[in-house]
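There are 2 protein chains.
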Amino acid sequence: MFMKYKNVNIVGTGIYHPSNKVDNDYYIEHFKNLGKDIAPFLDNLGRKERYIVNNTTENALTMAIEASKNALKIAGISADKLDAIVFSSDTPEYLCPSNALIINHELQASNAHTVYDLNSNCVGMVVALDQMSRFMKTSKNIKYALVVGGILVSSIARDDCKYTYPASGDGAAAVILKCTEEDTQRGILDSKYCTRSEYYNTIVSPCCGLTKARLNTTSEYDKKQQWTPFPLNFFAPEWSKAIDEFMCEYDFSLDEIQYFFLSQYSKQFLIETARILNIDNYEEKFAYIGDKYAYTGTTSPIFALHETLQNKPITPGAKAVFCSVGAGVAMCSLLYKF
Amino acid sequence: MFMKYKNVNIVGTGIYHPSNKVDNDYYIEHFKNLGKDIAPFLDNLGRKERYIVNNTTENALTMAIEASKNALKIAGISADKLDAIVFSSDTPEYLCPSNALIINHELQASNAHTVYDLNSNCVGMVVALDQMSRFMKTSKNIKYALVVGGILVSSIARDDCKYTYPASGDGAAAVILKCTEEDTQRGILDSKYCTRSEYYNTIVSPCCGLTKARLNTTSEYDKKQQWTPFPLNFFAPEWSKAIDEFMCEYDFSLDEIQYFFLSQYSKQFLIETARILNIDNYEEKFAYIGDKYAYTGTTSPIFALHETLQNKPITPGAKAVFCSVGAGVAMCSLLYKF
């Protein structure tokens, strides 16, 4: 008897960024005028350039639609093949209807009956990929799904906050998932979550809460994101622990992991995770795109995935891990087999 | 050999509403001053009373925390037993971090590592129950999950909109799910989705989009919800079709369905669905709480569930269906076995 596996594989990715490119100099000058030298901070993160929306027509939703079209093209399917659409963002354009439903409309994805928005901030797309793969595996009806995220961080960043304003970029990224029965197990295999909610009040948007943010008597500054510094040094140990557990539970060795798609907030996350795992050639295996696009929040590990799939060799059967983190702090790690 | 089923059962529910009760007279008088007689409209919906937040300390998040505490009490478990928390709302208090993560913190649910917000407007909690049950069935680690929703509709309703302002109430509802291996299959069994996105621009919040809503140059009126009338008469036929398909696929008859938990927007939804299904004694089987609490959006079918579980007999092995609808239009039907 041949056992068939219900696999959920990534069959296409797409990204989109606005056309307006901004380099470090702009932000270094801006903060110099505030009496702060942020050059060493940006250097430590690994920042060089980012794309920022400088018009009133683009937002997280419109960019997500463009990224989705690009992903559909690479997957080689038309939008009417989609059975589900999940949108992930902490800067959604609408709270009603779901942005996923508007994407259904704009793509003319008339068979995508399962539509919803999922928000877990910067870890959102990794969570959404996990969620949707579990949905597909337990559903009779879903063959193709679109998981798409967008971020318009320029609309919420305070221009005196070094942690967000110069560190982030706007953009969108999309993944096409295909559920298919195969002889060997591959695709999205498993996930691990770790939440440490004692940091719930460190990155808050809108700072005043949405109820007060609807009032014009509240200052625009209070409506933006507040970032209070907190330790970031437990992310790499936590991701390394998740990776160790994956290796143990799925019985494979570290060198079977071809690529690591981590949160792109800081290059130090990659270096530190590689150090803990005793990986020497980290630049080969840890995709870093934070120099080109800066930190694009929920979409950041997907930007790294997209650039890798477009430019690097993929070995069928090799593993990949996605490790990311969202405000508050919520972490998720995902195990994938090509 | 005995086959074991991995069942996801509802083991506790809780609701919360603000203390300020408002009856129809207030709204009838308000609209009379605008030159409109809304008494027949409210009567048709089945409205009598609703609870509205009239202070600055309560919002969808704080109410969700209270509903969660009530559900935990009924389930007889402490918050540290929770492995996952999902929050559903189209009036969330924060976009960052997730409201689910703040609920983790406030309940001291330190083992609830899987936390995220899911938004599909008024159908959100039904979708979240479906999602989380699939997550639990495919995960090794999740025994207890909290699915909680909250709505502060009073913060987005325009006071000249008869479809929302007098029709809705504020509140929160919570469900505790338990994943357990049992000899017979029960709990959340399956779902059906139907999205008709041609109505994507009929119920929109914020009307101006969130990007513009952050600016104090945008009027508060433009930041609220816009409701443009659209046909509601295809909901009941769609839900009836989903129920027919459940009966066919799971081989049971209509009289095995003990309760129908529908969207509580209009009593006519219940009457029409019962009519299509040829059910005579609709008031016995179709829980209606829209008279007592008005329409509480995403939480409305869960208010109906909670009131039924508290006040009516439950037959083990009997079926229930949840059928709801969200803006745009997204519908979801869920099959449950007690």
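As they're listed, the protein sequences go chains A and B.
All you need for this note's numbering is the position in the first sequence, starting with 1, plus 40.
All you need for this note's numbering is the position in the second sequence, starting with 1, plus 40.
Yeah, the Cβ is synthetic: ideal placement off N, Cα and C, and Gly gets one too.
Asked                                                                                                           : Found
Under 7 angstroms (Cβ pairs) to chain A, residues found in the segment 258-274 of chain B                       : Glu260, Lys263 and Gln265
Uninterrupted beta strand (DSSP E) stretches inside the segment 81-139 of chain B (no shorter than 3 residues)  : 89-91 and 124-128
Counterpart residues of A/Glu297 in DSSP-defined beta bridges                                                   : One detail in the question is off: residue 297 of chain A reads as Ile in this sequence, not Glu. For A/Ile297, which the question treats as bridged, DSSP gives the partners A/Lys359.
Any chain A beta carbon closer than 9 angstroms to B/Arg174                                                     : yes
is_contact[A/His145, chain B] using C-beta, thresh 9 angstroms                                                  : yes
Exposure of A/Pro277, with buried meaning 16 or more beta-carbon neighbours within 10 Å                         : exposed
DSSP state of A/Thr251 mapped onto helix, strand, coil                                                          : helix
Min CB distance B/Val188 to chain A below 9 angstroms                                                           : no
Rounded separation between B/Tyr156 and B/Gly211 - CA only                                                      : 20 angstroms
8 angstroms CB neighbourhood of B/Asp230 in its chain, flanking five on each side removed                       : Phe286, Glu289, Tyr290, Leu374 and Leu375
Cα-Cα separation between A/His70 and A/Val62, rounded to whole angstroms                                        : 12 angstroms
Residue ranges of each alpha helix (DSSP H) within the segment 177-210 of chain A, 4 or longer                  : none
Residue(s) in a DSSP beta bridge with B/Tyr156                                                                  : B/Val126
Test item: CB-CB of B/Pro269 and B/Gln304 under 9 angstroms                                                     : no
B/Thr97 classed as buried or exposed, judged by whether at least 16 other C-beta atoms fall within 10 angstroms : exposed
Under 9 angstroms between C-beta atoms of B/Arg236 and B/Met371                                                 : yes
Interface residues of the segment 317-340 of chain A facing chain B [CB-CB below 7 angstroms]                   : none
Separation of B/Thr204 from B/Tyr91, as counted between CA atoms                                                : 14 angstroms
Buried or exposed (CB count within 10 angstroms, at least 16 for buried), A/Met172                              : buried
Terminal residues of the beta strand (DSSP E) in which B/Ser231 lies                                            : Gly227 to Thr235
8 angstroms contact criterion, which A/Glu260 and B/Asn256 should meet: CB distance rounded                     : 6 angstroms
Cα-Cα separation between A/Ser245 and B/Lys183, rounded to whole angstroms                                      : 31 angstroms
Interface flag, B/His57 vs chain A, CB-CB below 9 angstroms                                                     : no
Buried versus exposed call for A/Thr338 [16 or more other C-beta atoms within 10 Å across all chains shown]     : buried
Within chain A, the residues that B/Cys201 reaches when beta carbons sit closer than 9 angstroms                : Ordered by position in chain A, no residue passes the 9 angstroms Cβ test against B/Cys201, which lies about 13 angstroms from the chain.
Under 9 angstroms from the C-beta of B/Ile283: neighbouring residues of chain A                                 : Those within 9 angstroms of B/Ile283 in chain A number zero; the least Cβ separation is about 16 angstroms.
A/Gly52 - containing beta strand (DSSP E), residue span                                                         : Tyr45 to Tyr56
Cβ separation of B/Ser280 and B/Ile316, assumed to be a contact under 8 angstroms, to the nearest whole Å       : 4 angstroms
Beta-carbon proximity check, B/Leu294 vs B/Leu302, cutoff 9 angstroms                                           : no
Within chain B, the residues that A/Ala214 reaches when beta carbons sit closer than 7 angstroms                : What A/Ala214 touches in chain B: nothing, since even the nearest Cβ is about 18 angstroms away.
Below-9 angstroms beta-carbon distance, B/Gly209 vs any chain A residue                                         : no
Beta carbon proximity, A/Gln171 to chain B, threshold 9 angstroms                                               : yes
Expected contact under 8 angstroms - CB spacing of A/Cys219 and A/Met165 to nearest Å                           : Their Cβ separation, rounded to whole angstroms, is 18 angstroms, which puts A/Cys219 and A/Met165 out of contact at 8 angstroms.
Contact belief for A/Thr336 with A/Gly249 at Cβ below 8 angstroms, rounded distance in angstroms                : Not quite, the Cβ-Cβ distance comes to about 25 angstroms (not below 8 angstroms), so this is no contact.
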